[in-house]
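Just so it is clear: in the sequence shown, position 26 is 26 by UniProt numbering, and no numbers are missing.
Note that the Cβ used here is the ideal one computed from N, Cα and C, for glycine as well.
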Amino acid sequence: MVKLTGVKLSKSFSQHGQEQRVLWDLSLALTPGTMTALIGPSGIGKSTLLNILGLLDRDYQGTVSLDQTVTNDLNDRELAHLRNSQIGFVLQEALLIERLTVRKNILLPTIYGDKQDKAVLAHRVQQLATQIGIETLLDKYPRQLSGGQKQRVVLARALINDPDIILADEPTGSLDEQNAASVVALLAQLAAQGKTVLTVTHDHLVAEQHQYIFRMASGQLVKER
Ligand SMILES: Nc1ncnc2c1ncn2[C@@H]1O[C@H](COP(=O)(O)OP(=O)(O)OP(=O)(O)O)[C@@H](O)[C@H]1O
C-alpha cells in the first residue's frame with residue numbers, strides 16, 4: 001500500500017494580468033488505510049490540490065511523492081503509468097463515453113498499461129457492479145442513466161485497476177441520501193483494506209464519516225480532526 005505525500009505545494013493562476021495564489025506552501029501526508037475529507041468554500045482550491053496529488057497537473061511548485069518515488073523526477077510516460085496503475089479518480093463531472101456501454105466505460109482504464117486477462121476483468125466488473133449496485137446497468141448506455149447512476153459508474157471505473165490511492169471529488173454530489181451512504185460505506189471499506197482515500201466534499205455528514213478532516217483556507221490546510 002502506498003503513502004501519498006505533498007510537500008510545500010504552491011500553485012497560482014494568472015487571469016487578466018492578475019495573479020491568484022491558490023495553494024501556498026501546503027504540505028500533507030496521507031497514510032494507507034486512512035480516509036481523509038477535504039472541505040472548504042467553493043473556489044478555494046480543493047480540486048486544484050486533488051489534480052496535483054493525482055498527477056494530472058505538473059504545473060506547480062513543490063513535490064508529490066508516492067512512497068519513495070518523487071513524481072517530479074518522472075517523465076510524462078512514467079507519470080501516466082503510475083497514475084493509471086496506482087490512482088483511482090472519481091471526478092466531479094461524470095465523464096462517460098456516450099457510445100460505449102456502461103461495462104465498456106468501466107473497462108476503459110484497463111486498455112492502457114499492462115495487458116490483463118479478459119476473464120479476470122469480466123469477473124472484476126461484475127463484482128464491482130454488484131458491490132456498487134449497478135449490476136443491472138452494465139449493458140445500458142450513459143444516456144439511459146440518471147445522474148446518480150452515472151456517478152456510481154464513474155466510481156466503478158475508478159476502481160477497476162484496483163488502485164492503492166482513491167481521490168474523490170464530490171463523489172456523493174448527485175446522489176440521494178441512501179446512495180450517498182452506500183458510496184461512503186464503500187470508500188470506508190476500501191480504506192479498511194489498506195487503501196488511501198481522500199474525498200473532497202461539501203456535505204458535512206459525509207465529511208464526518210472520515211477519520212481525518214482538513215479544511216482549506218488561504219492556500220493552506222487546517223486540521224479539524
Ligand atoms: N485553469 C484555471 N485558470 C484560472 N483560474 C483557475 C483555473 N482553475 C481553477 N482556477 C481558479 O482557482 C481557484 C480554485 O479552484 P478549484 O476548482 O480548485 O476550487 P474548489 O475549492 O475545488 O471549488 P469547488 O468547491 O467549487 O469545486 C478558483 O478561484 C478558480 O477560479
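- Distances from the CB of histidine 202 to the heavy atoms of ligand 1 include at least one below 8 Å.
- Counting only the Cα atoms, glycine 88 lies some 16 Å from threonine 5.
- Proline 142 and leucine 38 have their C-alpha atoms spaced approximately 29 Å apart.
- Closest option to histidine 202, judged by alpha-carbon separation, among Leu175, Ser85, Thr196: Leu175.
- Taking a cut-off of 8 Å for Cβ pairs, the stretch 6-19 and the stretch 161-179 do not touch, as fewer than three such pairs fall below it.
- For the alpha helix (DSSP H) assignment, the uninterrupted runs of no fewer than 4 residues enclosed by the stretch 144-171 are, from N- to C-terminal side, 147-159.
- Beta-bridge analysis with DSSP links alanine 29 to Thr5.
- Per DSSP, the unbroken alpha helix (DSSP H) holding arginine 103 starts and ends at 102-107.
- In the DSSP annotation of this structure, the continuous segment of the beta strand (DSSP E) that includes threonine 36 starts and ends at 35-39.
- Threonine 136 counts as exposed, since fewer than 16 other beta carbons sit within 10 angstroms of its beta carbon.
- Residue environment analysis places proline 41 among the exposed positions, since fewer than 16 neighbouring C-beta atoms fall within 10 angstroms of its C-beta.
- Glutamine 178 carries a helical assignment under DSSP once its states are collapsed to helix, strand and coil.
- Per the coordinates, the alpha-carbon of leucine 221 lies some 35 Å from the alpha-carbon of isoleucine 134.
- For lysine 46, the distance from the CB to the nearest heavy atom of ligand 1 is below 8 Å.
- Take arginine 215, set aside five residues on each side of it, and the residues of its chain with a beta-carbon closer than 6 Å to its own are Ile39, Gly40, Val222, Glu224, in chain order.
- The residues Val90, Thr199, in chain order, have a CB closer than 6 Å to that of alanine 168 in the same chain once the five nearest residues on each side in sequence are set aside.
- When beta bridges are read from the DSSP output, glycine 88 appears opposite Ile166.
- Look at the stretch 41-85 and you find these whole runs of alpha helix (DSSP H), each 4 residues long or longer: 46-53.
- Under a 10 Å Cβ-count criterion, tyrosine 112 is classified as exposed, with fewer than 16 other Cβ atoms of the shown protein chains found around its own Cβ.
- At a cut-off of 8 Å, the beta-carbon of glutamate 170 counts as near ligand 1: some heavy atom of the ligand is closer than that.
- Contact between the stretch 65-77 and the stretch 109-126 is absent: fewer than 3 CB-CB pairs across the two stretches fall below 8 Å.
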